[in-house]
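Residue numbers (the numbering used here), protein chains in the order written: chain A, 1 to 358; chain H, 1001 to 1358; chain Y, 2001 to 2358; chain Z, 3001 to 3358. Ideal Cβ placement from N, Cα and C applies to all residues, glycine included.
Number of protein chains: 4
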Amino acid sequence: MGNSFGKLFRITTYGESHGQAIGVVIDGCPAGLEIDQETIQHQLDRRKPGQSRITTQRKESDEFQIVSGIFEGKSTGTPISMIIWNKDARSKDYSHIAEKFRPSHADFTYQEKYGIRDYRGGGRSSARETAARVAAGAIAMQLLKEHNIGISSYVSQVGSLKLELPYQQLDLNAIEDNIVRCPHRETAEAMIELIETTRKQGDSIGGVITGVLTGVPAGLGEPVFEKLHAQLGGAMLGINAVKGFEYGSGFEGVSMKGSQHNDEFERQGDRIVTKTNYSGGIQGGISNGQDIYFRVAFKPVATIMKDQQSIDQKGAPTVVKGRGRHDPCVVPRAVPIVDAMAALVLADSLLLNKSIRL
Amino acid sequence: MGNSFGKLFRITTYGESHGQAIGVVIDGCPAGLEIDQETIQHQLDRRKPGQSRITTQRKESDEFQIVSGIFEGKSTGTPISMIIWNKDARSKDYSHIAEKFRPSHADFTYQEKYGIRDYRGGGRSSARETAARVAAGAIAMQLLKEHNIGISSYVSQVGSLKLELPYQQLDLNAIEDNIVRCPHRETAEAMIELIETTRKQGDSIGGVITGVLTGVPAGLGEPVFEKLHAQLGGAMLGINAVKGFEYGSGFEGVSMKGSQHNDEFERQGDRIVTKTNYSGGIQGGISNGQDIYFRVAFKPVATIMKDQQSIDQKGAPTVVKGRGRHDPCVVPRAVPIVDAMAALVLADSLLLNKSIRL
Amino acid sequence: MGNSFGKLFRITTYGESHGQAIGVVIDGCPAGLEIDQETIQHQLDRRKPGQSRITTQRKESDEFQIVSGIFEGKSTGTPISMIIWNKDARSKDYSHIAEKFRPSHADFTYQEKYGIRDYRGGGRSSARETAARVAAGAIAMQLLKEHNIGISSYVSQVGSLKLELPYQQLDLNAIEDNIVRCPHRETAEAMIELIETTRKQGDSIGGVITGVLTGVPAGLGEPVFEKLHAQLGGAMLGINAVKGFEYGSGFEGVSMKGSQHNDEFERQGDRIVTKTNYSGGIQGGISNGQDIYFRVAFKPVATIMKDQQSIDQKGAPTVVKGRGRHDPCVVPRAVPIVDAMAALVLADSLLLNKSIRL
Amino acid sequence: MGNSFGKLFRITTYGESHGQAIGVVIDGCPAGLEIDQETIQHQLDRRKPGQSRITTQRKESDEFQIVSGIFEGKSTGTPISMIIWNKDARSKDYSHIAEKFRPSHADFTYQEKYGIRDYRGGGRSSARETAARVAAGAIAMQLLKEHNIGISSYVSQVGSLKLELPYQQLDLNAIEDNIVRCPHRETAEAMIELIETTRKQGDSIGGVITGVLTGVPAGLGEPVFEKLHAQLGGAMLGINAVKGFEYGSGFEGVSMKGSQHNDEFERQGDRIVTKTNYSGGIQGGISNGQDIYFRVAFKPVATIMKDQQSIDQKGAPTVVKGRGRHDPCVVPRAVPIVDAMAALVLADSLLLNKSIRL
């Protein structure tokens, strides 16, 4: 279980890292949406391996095939199925860890849970699965675009190197201007250097992605358990390697007084807006029409080119060392995944919201 | 929508702050569980208002009534319905804000979403709803106890006053020893003083709760979208006033190298354990048998005894000032809510896990 | 599990026949719906025991209490909770069968499934639970009324006494004109006599209810697994004592040729209609704008005032004989239940349909 | 929506009749199940077109490709994805009805619902979709086999030609002995002749399939809304062309007295059994350990080789006549579909039942 996401705009993904393919089925995409396949490929390209010198050098073209649900360029309301065939699946790279539990990977826990696991490249636990989400998210984005909702995620921290400027002071159109996907050039350059240094050490490092959602109308999100930020948080925490989520003032807001933190209302023409936005665009779990922003923490990639103590499936001590081609830092390629998960949450919320009033 | 939580151990809550009652229905509690009603009342008492000088002075006995699902002291497998009747519902306290949007409350967003709202005490958006979760969580805890799973949450930060000791160096049996629910006496005293000072200023302040789950067997959690930590995070973010969630190394782990962060495996007798636990007891979204620990950030309470600029329902400028009886800091009373949500997630995961192998 | 119904207009029921109360929570009723409490009570009265000489003489006023979700007479979009307290719960009537499995009741299967059961009056398996559905259904009906959708169910067969006239030739406003709820006076009188004779024999008898749904717009129902008739059928089969469901031409349609059975399209003014309606208003699982009609088969009530061979919980042979106050034929009181389940299906389909197009 | 089925053993199907492929994703198949691919192909072959002279002569090999979820011959607990590529998709056969609404097809209702439709061969509404369910059902069957549960469906009626013998007097191993899948040779021959005659007339005819489930343990099925027979009924009504479902005594049971219909309990060795089985193996919605049996009514196929009056998309009168290659009677090929849906319901119930007791 656990391979589906969303209630009305609902996706189900499948596939293993080194199996035949990964794929996704979207059930609930509204009919009549023009589907731009280039947008889908563009998002996949942003996530694909081998895209720059700071990502894994594994090569996957990550071309997708639409199998159903689109007719004469438009969604028909029936399930949209997309497949991405695995091409550069060098399973032999993994035979050396078939019987070993790699530290901080999912080898041990999958074995404990299921009593069986596809050890090739982490099987289902590999972040390769996220390509399927990115493809589905790209369709959700097209739905959101019809409602003038925008999604901009960017790398705001690598290791302890943190971009201190708030998103409002950045040019969010510059995210793709560099390979680390940080819209502040100087910081981006330092981040790239840090990642390269780390890679040369055979090591890995963590990072933070900041997400900004603009144009979200007031009223999205459901009370109590499905608050909009609870859905966003659950979605982000479902991305591989994520260790934390905060929105609006987040953990820093803890130290504030209510009198500082409260966002007073005022009018701007016809609209009711807030003077500040510590709420992060969500109050009581429902969007208030202001920008939604959040931060997602990613741990350092578990695969490193160093010897590590571990245990094998028979319980004997062993040594594990990464081979193959891995990312020293996951955040540059995780930006489109954060975008996709945000798009899926918003698309679902948007559809749910249609049934909420008489 | 959004008022249900869980897949197999599934709860649905209802009720408004100043309506007749709040309540919960649990569908899926296994049959044959002995239900200790004192445990339920104990958890409700930990959450109830008026329990100490640092909480709201509103009086609610929060006694619960079991309406169904329990026969001769045991669960029967049919829905367990529990009701908590509202007693001290002074609706008049709220008439002054019937037409005003209180800053950083849910007044505006509920109005925008539904076009109608029960303004009395925040209606459905009030944290009073969490009493229903606490009652349900207390039953989940009894199920977990049968599996020797323990849950201990405590206040680890109030404002910028932070308990730096990790949970391993604390006596988690001392959580109830003081009214702020911080198991470190000196820190607790400072926290209490800070909360009292804040209250006297008519202001409010945020805080952090740390949760520790012990005895969780390896194998809980579902891959991809329903990772155990994604479920925990989504659950915590669904609690009123929560702004962030992190588990294991969390946001701090971002700055670490993989070689530091990876948790090497070793044997301890029959068990495979990890030498460190930056993973926070979860790898690939599935529990690994180590302690699970996480932090939950709460913003300062929105209701303060100070004048604030706002807008009324007709769009005219107005001033809002809190009256009534409110908590200056939410975390002491939120500890049993965090416990409850953690219990609900684990109970559900435990049941789901029964179907996972042939 | 299994105590919830619907996806967007979702109800959860709870309560046992001789427990404290039965109740229902509706999550997803759109905000702004004026709730007429008399309509709810009217539907409950149609289902309540003791209403006529051909039903059980047990007395339950079946008054309901609204606990949440309605403010100033309108739904607020938050969960609507309704409770019906059990008043005439003579548990002692059932002590004689506490350890016995009544033939064709759920005693044995509940015991096998759960290892424990509330034997008083059948506990959760009692048809008393359906009062909760009727209350919820009455709210769904008010939503449907806003869309000019009508629901008329009536008794079309008791034992082998069958009303042969199709619904088009009946006055559906006459359903409440007699106690058996058959709109054809002569047939109704014969049915009443048959039921009374059966009751005097200490026996019971089955029946059929025909449902007619008018004004349903084209487009309701979801493809493949959630066809509108599959949802209606599943809903009806979930009513106690139901053994069969057919819609449109049903089982008789089997003997027809395609050339007879196909419903040709024609225009009537602006509308596209069908000349015949063997399809029963649903084609490919989606409503086509014509009347929807169906038949629901109810078995004879299992409780009879005769000696029957059985087994007790220890496995020893025993004799069971009904006591207490029971219906000799379930269909007169089941009419409002069929109405309610139909209303719940349509309300849910109507809401789901809002998200289906761009 | 509506393209998923099941709660724990959950399938999602996709694909159109004349698109690239149809497929299915199973989420929740327990890990460690040996998957026999021949069984899957065997079930697909039973459903495939062109298998005999009484089915459509369209040729589809219906070979399936497993894309994920199986490793070294066993299920891994991750989603199992299977694809069946469309090969003999002669879309040109359908161009003549692109703008016309075929009577009693889903053309009109899809157009009304979605505002767009893939008209080629009925698109998503085509029974071709059921191949995906058959593939998934074949895996469910392998799970059931581990629990010694058997499923046997057969054709019991074609037109008004009805096999009057109950299933107990038939040799259920003889179902595959003839092309109509009726285990009674003389009746089968008459059915075949009737179907052939009908086909020569360019017409179609309906039929009934009887399903028999053996070895189902007591305790399956959930109370109230998800009674085992409600799930079976909903599943069967979700199959194309189905108009009715009854189980146990069904519609005929209506005419019985309770004293005749009640199934008295008795002991047979260690087991508690019923002397009769009018209940059809289910009491109170939960299996009682006896055989489960039911009947499913199929209407005559809508596509016939005769002129029929209709309307085109612009609202103008038109004439429709079937071309292409169609089944004159759907039941012979529907037997494996009934088997598959029954298997999916039972597999899901079996998994759900694991969480029901402490």
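Between the segment 2036 to 2047 of chain Y and the segment 1109 to 1125 of chain H, can you find at least three pairs of beta-carbon atoms closer than 8 Å?
no
Strictly below 9 Å CB to CB, what residues from chain Y border residue 78 of chain A?
2223, 2224
Per DSSP, cross-strand counterpart(s) of residue 1043 of chain H:
DSSP lists no partner for residue 1043 of chain H.
CA-to-CA distance, residue 20 of chain A to residue 360 of chain A, given in whole angstroms:
Examination of residue 360 of chain A is not possible in this model, given that chain A is present from 1 through 358 alone.
Identify the continuous alpha helix (DSSP H) that holds residue 3251 of chain Z and give its terminal residues.
3250 to 3253
Pair within 7 Å by beta-carbon distance, residue 1295 of chain H and residue 1264 of chain H:
no
Buried versus exposed, by CB contacts within 10 Å (16 or more), residue 1049 of chain H:
buried
Can you find the residues in the same chain that come closer than 8 Å, C-beta to C-beta, to residue 3073 of chain Z, ignoring five residues on each side of it along the sequence?
3034, 3035
Rounded C-alpha distance that separates residue 1077 of chain H from residue 1069 of chain H
7 Å
Residue 2156 of chain Y: first and last residue of the uninterrupted beta strand (DSSP E) it sits in:
2150 to 2158
Where residue 297 of chain A and residue 130 of chain A are concerned, what is the direct C-alpha to C-alpha distance, given to the nearest angstrom?
17 Å
Let's see if you can read the secondary structure: which residues bound the alpha helix (DSSP H) around residue 1348 of chain H?
1331 to 1352
Close beta carbons around residue 178 of chain A, own chain, < 8 Å, minus the five adjacent residues each side:
185, 188, 189, 192
Check whether the Cβ atoms of residue 3210 of chain Z and residue 3154 of chain Z sit closer than 7 Å, and answer yes or no.
yes
Give the DSSP-derived three-state secondary structure of residue 3312 of chain Z in the structure shown.
strand
Which residues in chain A sit within 9 Å of residue 3116 of chain Z, going by Cβ to Cβ distance?
31, 32, 71, 72, 74, 75, 76, 77
Which bits of chain Z does residue 27 of chain A rub up against, with CB to CB less than 9 Å?
3001, 3002, 3003, 3004, 3012, 3014
Under 9 Å by beta carbon: chain Y residues contacting residue 3042 of chain Z
Result: empty, since nearest Cβ-Cβ is about 24 Å, beyond 9 Å.
Could you check what DSSP says for residue 3095 of chain Z in three-state terms: helix, strand or coil?
helix
Can you give me the Cβ contacts of residue 398 of chain A inside the same chain, cut-off strictly under 6 Å, excluding the 5 residues immediately before and after it?
No answer is possible for residue 398 of chain A: the residues shown for chain A start at 1 and end at 358.
What is the residue span of the beta strand (DSSP E) that residue 3012 of chain Z lies within?
3010 to 3015
At a CB distance below 9 Å, what residues from the segment 339 to 353 of chain A approach chain Z? Give them in sequence order.
none
Kindly list the residues whose CB is nearer than 6 Å to the CB of residue 1014 of chain H, restricted to its own chain and excluding five residues on each side of it in sequence; keep chain order.
1023
If you draw a straight line from the alpha carbon of residue 1968 of chain Y to that of residue 3249 of chain Z, how long is it in whole angstroms?
As displayed, chain Y neither begins before 2001 nor continues past 2358, which places residue 1968 of chain Y out of reach and without an answer.
Residue 3023 of chain Z, DSSP secondary structure in three states:
strand
So residue 2031 of chain Y packs on residue 357 of chain A, CB below 8 Å; how close in whole Å?
5 Å
Endpoints, the alpha helix (DSSP H) within which residue 139 of chain A is located
130 to 145
Roughly how many angstroms separate the alpha carbons of residue 273 of chain A and residue 1097 of chain H, rounded to a whole number?
19 Å
Is the beta carbon of residue 3305 of chain Z less than 7 Å from the beta carbon of residue 3207 of chain Z?
no
Please say whether residue 316 of chain A and residue 137 of chain A have beta carbons closer to each other than 7 Å?
no
According to DSSP, is residue 2207 of chain Y part of a helix, a strand, or is it coil?
strand
Same chain only: Cβ atoms within 6 Å of residue 3275 of chain Z, ignoring 5 sequence neighbours per side
3264, 3266
Rounded to the nearest angstrom, how far is the Cβ of residue 2133 of chain Y from that of residue 2340 of chain Y, given a contact under 8 Å?
5 Å
Report all residues from its chain with a CB closer than 7 Å to the CB of residue 1198 of chain H; omit the five preceding and five following residues, and keep chain order.
1204, 1205, 1328, 1329
DSSP puts residue 1104 of chain H in a beta bridge; with which residues?
Bridge partners of residue 1104 of chain H: none, in fact.
Quick one: give me the first and last residue of the alpha helix (DSSP H) that residue 3236 of chain Z is part of.
3228 to 3237
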